[in-house]
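*Asks:*
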Amino acid sequence: MTARRTATGIVVLGLAPLALTGLTAAPAAAHGSMTDPVSRVAACFAEGPENPRSEACKAAIAASGTQAFYDWNEVNIADAAGNHRQLIPDGKLCGAGRDKYKGLDLARADWPSSPMAPGDRTFRYKATAPHRGSFELYLTKDGYDPTRPLKWSDLEERPFLKVSDPKLEDGAYVFNGVVPNRSGRHLLYSIWQRSDSPEAFYTCSDVVFGQNGGGTGGGGTGGAGTSPAAPPAAAPPASAPSDRTIEEGAEKSTVDHGGHGGEGGEDGHGGDGTEAPRPPAETAAPAPAPTPTPTAPAPATTEPNAPEAKAAGAPVERASDGRRENLAETGAGDSTSYYAIGGTAALAVGAAVMFGTARRRVVRHRA
């Protein structure tokens, strides 16, 4: 009887993790997009994927289809791990190198835009599934031409703003930074790299400095005579999607706004279920030197955007120490599921072996 009770206890202990696997193995996700200044994908989603108003959004939706814009909060690479320049080739920065979002990479000067001015500014990033991580914001260099495909070399080499774990207000990350001096039409590029997962998200926001809303290129640093002689008609203003629009559009989205989703399952790639294409090494811009991280990284990943000592002239990095309670915790990293499943399998096998041994002892004892 004692052996039977022992075996039963072992089986119960071995099967207990199986009941918890559904809770511990579910990976968490971060989804969202820049809404101030408004990103291209957010602006076109706000216009309506079925009946967009602006010519640029009409062309983008014609190239990518409507689903890409119902999945507006999922322009990502699931396994980026800070290797953004290696994974995303020139000409495909706005769509993160993914064919699903290729319409965002159309080179044209009439994308809906947001007004921008040098100096202090508050940025907002709508987070439909918030998570810990770091943001990097880049601005195009003087002489930027929106009618040419965007290249990594069109961006400043270093971000003008880096921020880790910003506060979350009304479903959006809010952080402040100092915008460099520019004039005319430019592009703001953002990278949101999760710190507990290799997943990263990307956005392109078209911005206009000064009164020239239709300029075809960036001007100088505020000097006279930098506007084109014959600019085209001004591009329409960009509008961020309202909470109601987001809620209504979620019914047609293939992305689970609370985590990974889409027809492709839990790959973090949503509707098409495909991974971002990996370009040959020669087509990608060279990667910058790795930055040492002062804290322990997540398993099998590194945190490329960890705070570092800044020399004179380096971009300002702002952290929200003491405000981490504002950042929602949505679960463990993507590797959690593999560890949980592996551990559960090991326990189950061990329990089965010990149960069989105990049962044989009971049989021999009776005999």
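Per mature numbering (1 follows the signal peptide of the UniProt record, and there is no 0): the sequence shown = residues -30 to -1, 1 to 337. We put the CB at the ideal spot given by N, CA and C, even for glycine.
On the DSSP bridge assignment, give the partners of residue 139 in chain order.
*Replies:* Position 169 of the sequence shown, counting from 1, holds the residue named residue 139. Bridge partners of residue 139: 142.
*Asks:* Answer with buried or exposed for residue 175, where buried requires no fewer than 16 other C-beta atoms within 10 angstroms of its C-beta.
*Replies:* For this step, residue 175 is matched to residue 205 along the sequence shown. Classification of residue 175: buried, given that the 10 Å Cβ count is 16 or more.
*Asks:* What does the alpha-carbon distance come out to for the pair residue 159 and residue 214?
*Replies:* Here residue 159 refers to the residue found at position 189 of the sequence shown. Here residue 214 refers to the residue found at position 244 of the sequence shown. So the alpha carbons of these two residues sit roughly 26 Å apart.
*Asks:* I need the DSSP call for residue 57, collapsed to helix, strand or coil.
*Replies:* Within the sequence shown, the letter at position 87 stands for residue 57. In this structure, residue 57 counts as helix in the three-state DSSP scheme.
*Asks:* Please check if any C-beta of chain D sits within less than 8 Å of the C-beta of residue 152.
*Replies:* Among the chains in the structure shown there is no chain D, since it carries only a single protein chain.
*Asks:* Residue 45 and residue 65 - do their beta-carbons sit closer together than 8 Å?
*Replies:* Against the sequence shown, residue 65 aligns to sequence position 95. Against the sequence shown, residue 45 aligns to sequence position 75. Taking 8 Å as the Cβ cut-off, residue 65 and residue 45 qualify as a contacting pair.
*Asks:* Using DSSP with H/G/I as helix, E/B as strand and the rest coil, what is residue 174?
*Replies:* Working through the sequence shown from its first residue, we reach residue 174 at position 204. DSSP places residue 174 in strand when its eight states are reduced to three.
*Asks:* Helix, strand or coil for residue 313? Go by DSSP, reduced to three states.
*Replies:* Here residue 313 refers to the residue found at position 343 when the sequence shown is read from its first residue. Any answer about residue 313 is weak, because its pLDDT of 49 lies below 50 and its placement is not dependable; what the coordinates show is given next. If DSSP states are grouped into helix, strand and coil, residue 313 belongs with the helices.
*Asks:* Between 115, 128, 69, 165, which lies nearest to residue 80 when the distance is taken from Cα to Cα?
*Replies:* Reading the sequence shown from its first residue, position 110 is the one you call residue 80. If we check each option's Cα against that of residue 80, 115 comes out closest.
*Asks:* Could you round the C-beta distance between residue 88 and residue 152 to whole angstroms and report it? I think they count as a contact, below 8 Å.
*Replies:* Your numbering for residue 88 matches position 118 in the sequence shown. Your numbering for residue 152 matches position 182 in the sequence shown. Sure, about 7 Å apart at Cβ, within 8 Å.
*Asks:* Give me, in chain order, the residues of the same chain whose beta-carbon lies closer than 6 Å to that of residue 24; leave out the 5 immediate sequence neighbours on both sides.
*Replies:* Counting from one through the sequence shown, the residue named residue 24 turns up at place 54. Only 82, 206 meet the Cβ criterion.
*Asks:* Relative to the alpha-carbon of residue 70, which residue among 51, 30, 84, 157 has its alpha-carbon at the smallest distance?
*Replies:* The residue given as residue 70 occupies position 100 in the sequence shown. Nearest C-alpha to residue 70: 30.
*Asks:* Please say whether residue 40 and residue 165 have beta carbons closer to each other than 8 Å?
*Replies:* For the purposes of this step, residue 165 is identified with residue 195 of the sequence shown, where counting begins at 1. For the purposes of this step, residue 40 is identified with residue 70 of the sequence shown, where counting begins at 1. Not closer than 8 Å, so no.
*Asks:* For residue 51 and residue 171, what's the separation of their Cα atoms in angstroms?
*Replies:* Within the sequence shown, numbered from 1, the residue matching residue 51 stands at position 81. Within the sequence shown, numbered from 1, the residue matching residue 171 stands at position 201. Their Cα atoms are separated by approximately 11 Å.
*Asks:* Tell me whether residue 106 sits in a helix, a strand or coil according to DSSP, three-state version.
*Replies:* One-based indexing of the sequence shown puts residue 106 at position 136. In this structure, residue 106 counts as strand in the three-state DSSP scheme.
*Asks:* Count the other CB atoms, across all protein chains shown, that sit within 10 Å of the CB of residue 98; report buried if there are 16 or more and exposed otherwise.
*Replies:* Along the sequence shown, read from residue 1 onward, the residue named residue 98 stands at position 128. The residue is buried, with at least 16 neighbouring Cβ atoms inside 10 Å.
*Asks:* Keeping to the same chain, check which residues put their C-beta closer than 6 Å to that of residue 63; ignore five residues upstream and five downstream.
*Replies:* In the sequence shown, residue 63 corresponds to position 93, counting from 1. Hits under 6 Å: 120.
*Asks:* Short check: CB of residue 8 to CB of residue 42, under 8 Å?
*Replies:* Taking the sequence shown and counting its residues from 1, the one referred to as residue 8 is at position 38. Taking the sequence shown and counting its residues from 1, the one referred to as residue 42 is at position 72. No. Outside cutoff.
*Asks:* Short check: CB of residue 142 to CB of residue 96, under 8 Å?
*Replies:* The residue labelled residue 142 in the question sits at position 172 within the sequence shown. The residue labelled residue 96 in the question sits at position 126 within the sequence shown. Closer than 8 Å, so yes.
*Asks:* Taking Cβ positions, are residue 4 and residue 110 nearer each other than 8 Å?
*Replies:* If you number the sequence shown from 1, residue 4 lands on position 34. If you number the sequence shown from 1, residue 110 lands on position 140. Cβ distance not < 8 Å, so residue 4 and residue 110 don't count as in contact.
*Asks:* Quick one: Cα of residue 104 to Cα of residue 132, how far?
*Replies:* By one-based count along the sequence shown, residue 104 stands at place 134. By one-based count along the sequence shown, residue 132 stands at place 162. Answer to the nearest angstrom: the Cα atoms are 7 Å apart.
*Asks:* Return the chain-ordered list of same chain residues with a C-beta closer than 6 Å to the C-beta of residue 145, the five sequence neighbours on each side being excluded.
*Replies:* Working through the sequence shown from its first residue, we reach residue 145 at position 175. 93, 133, 136.
*Asks:* Smallest Cα separation from residue 126: which of 102, 156, 57?
*Replies:* In the sequence shown, residue 126 corresponds to position 156, counting from 1. Taking only the C-alpha atoms, the option nearest residue 126 is 156.
*Asks:* Between which residues of its own chain and residue 13 is the CB-CB distance below 6 Å, once the five residues before and five after are set aside?
*Replies:* Position 43 of the sequence shown, counted from the start, is the residue given in the question as residue 13. The answer, listed in chain order, is 82, 208.
*Asks:* If you follow the alpha helix (DSSP H) that residue 28 is part of, which residue opens it and which one closes it?
*Replies:* Looking up residue 28 in the sequence shown gives position 58. Unbroken alpha helix (DSSP H) run through residue 28: 25 to 34.
*Asks:* Looking at C-alpha atoms only, which residue of 211, 161, 28 is the closest neighbour of residue 47?
*Replies:* Position 77 of the sequence shown, counting from 1, holds the residue named residue 47. Residue 161 is the option with its Cα nearest to residue 47.
*Asks:* My output table needs one value for residue 5: the three-state DSSP class, helix, strand or coil.
*Replies:* Position 35 of the sequence shown, counted from the start, is the residue given in the question as residue 5. In the structure shown, residue 5 sits in a strand (DSSP, three-state: E or B).
*Asks:* With residue 16 and residue 210 assumed to form a contact (beta carbons below 8 Å), what rounded beta-carbon distance in angstroms separates them?
*Replies:* Along the sequence shown, one-based indexing puts residue 16 at 46. Along the sequence shown, one-based indexing puts residue 210 at 240. Correct: roughly 6 Å between the Cβ atoms.
*Asks:* Just to confirm the assignment: which complete beta strand (DSSP E) runs, minimum length 3, are found wholly within the stretch 41 to 101?
*Replies:* 84 to 86, 89 to 99, all fully within the stretch 41 to 101.
*Asks:* Measure the beta-carbon distance from residue 107 to residue 147 and round it to whole angstroms, keeping in mind my assumption that it falls under 8 Å.
*Replies:* Sequence index remark: in the sequence shown, residue 107 carries index 137 (1-based). Sequence index remark: in the sequence shown, residue 147 carries index 177 (1-based). 7 Å between Cβ atoms; contact.
*Asks:* What residues are listed by DSSP as bridge partners for residue 159?
*Replies:* By 1-based counting over the sequence shown, the position of residue 159 is 189. In the DSSP output, where bridge partners are listed per residue, residue 159 has 108, 174.
*Asks:* What would DSSP say about residue 10, mapped onto helix, strand or coil?
*Replies:* As a first step, residue 10 is located in the sequence shown; it is residue number 40 there, counting from the start. The answer is helix: DSSP assigns residue 10 an H, G or I state.
*Asks:* Using 8 Å for Cβ pairs, my map puts residue 91 next to residue 149. What's the rounded Cβ distance?
*Replies:* Residue 91 sits at position 121 when you count from the first residue of the sequence shown. Residue 149 sits at position 179 when you count from the first residue of the sequence shown. The pair is a contact, with the Cβ atoms about 5 Å apart (cut-off 8 Å).
*Asks:* Can you tell me whether residue 219 is helix, strand or coil according to DSSP?
*Replies:* As a working note, residue 219 is residue 249 in the sequence shown. Three-state DSSP puts residue 219 in a helix.
*Asks:* Under a three-way DSSP split, which group does residue 165 fall into?
*Replies:* Here residue 165 refers to the residue found at position 195 when the sequence shown is read from its first residue. Coil at residue 165, not helix or strand.
*Asks:* Where residue 124 and residue 113 are concerned, what is the direct C-alpha to C-alpha distance, given to the nearest angstrom?
*Replies:* On the sequence shown, position 154 is the one that residue 124 refers to. On the sequence shown, position 143 is the one that residue 113 refers to. So the two alpha carbons sit approximately 9 Å from each other.
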